[in-house]
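Worksheet: one structure, shown below.
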Amino acid sequence: MFTGIVEEIGTVELLEVAGQDARLRVRGPLVVSDARPGDSIAVSGVCLTVTELPGDGSFVADVMPETLRRTALGDLDVGSAVNLERALQVGGRYGGHVVQGHVDGVGAVRSRTPGPRWDDVEIELDPTLARYVAEKGSVTVSGVSLTVTHVGDDAFGVSLIPTTLEATTLGSLAVGARVNLEVDVLAKYTERLLSTAGVLR
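FYI, UniProt numbering numbers position 133 of the sequence shown as 133, with every residue one higher than the one before it.
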């Protein structure tokens, strides 16, 4: 489990796709400082398992081709910047919200409006996901926990504070850029419970 509080911006050093296998190597000295094979690291919102630690400040993870197709990780190239977060430790500070690292869909930046010290960003999403997004609720965008400022039928807004602009890849997102989206898992569980109880039909 993660919190959506990015620890560092990493750099893709290798992305190999061969048949049904894909390998991703990312440089992230902070997140590998105490990592072991088998640990989970969120890469721009996608939970990946560490398979190798070369010992040079990078880690290697196997990525299913399906993951590359269903997330924005498929857009990565060598040199791409990615948001990195280690799995939450028991007793650690919980500064974001419940993030699983299970991407629900890929959105795209519709607009970006600079403010005095922040940027207002509107992101398109699949209308089937919009029902899980609520104003003042939480959403994860490429691994970053954000508060929703407004929501419509096929888009929602967020405001990026200076820290987010500086410490995550969201600071350099251009209009049209694709982003990984994870909606609030509590909303999905609530819908599931109500539907099985016959409240929602």
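We put the beta carbon where it would ideally sit given N, CA and C, even for glycine.
Contact check, residue 175 vs residue 80, beta carbons under 8 Å: For the purposes of this step, residue 175 is taken as residue 175 along the sequence shown, with counting starting at 1. For the purposes of this step, residue 80 is taken as residue 80 along the sequence shown, with counting starting at 1. No, these two residues do not count as a Cβ contact at 8 Å.
Collapsed DSSP secondary structure at residue 7 in the structure displayed: In the sequence shown, the residue the question calls residue 7 occupies position 7. Of the three classes helix, strand and coil, the one that applies to residue 7 here is coil, per DSSP.
Residue 46 Cβ short of 7 Å to the ligand ADP heavy atom set: As for the ligand ADP, it is missing from this structure, which has no ligand bound.
Residue 162 versus 70, 51, 119 and 109, residue with shortest Cα-Cα distance: Here residue 162 refers to the residue found at position 162 when the sequence shown is read from its first residue. Distance from the Cα of residue 162 is smallest, within the candidate group 70, 51, 119 and 109, for 119.
Alpha helix (DSSP H) runs wholly inside the segment 109-138, at least 4 long, in chain order: You should have 127-130.
Beta-carbon proximity check, residue 181 vs residue 146, cutoff 8 Å: If you number the sequence shown from 1, residue 181 lands on position 181. If you number the sequence shown from 1, residue 146 lands on position 146. No, the pair does not count as a contact, with Cβ atoms beyond the cut-off.
Check whether residue 98 and residue 132 have beta carbons under 8 Å apart: Here residue 98 refers to the residue found at position 98 of the sequence shown. Here residue 132 refers to the residue found at position 132 of the sequence shown. Not a contact, by the Cβ cut-off of 8 Å.
Range of the contiguous beta strand (DSSP E) that encloses residue 179: In the sequence shown, counting from the first residue as 1, residue 179 sits at position 179. Where residue 179 is concerned, the enclosing beta strand (DSSP E) stretches over 178-182.
Exposure of residue 42, with buried meaning 16 or more beta-carbon neighbours within 10 Å: Numbered from 1 along the sequence shown, position 42 holds the residue referred to as residue 42. It counts as buried.
Expected contact under 8 Å - CB spacing of residue 160 and residue 170 to nearest Å: One-based indexing of the sequence shown puts residue 160 at position 160. One-based indexing of the sequence shown puts residue 170 at position 170. About 6 Å; that satisfies the 8 Å criterion.
Reference residue 60, options 125, 29 and 121, closest by Cα: Here residue 60 refers to the residue found at position 60 of the sequence shown. Considering only alpha carbons, the answer is 29.
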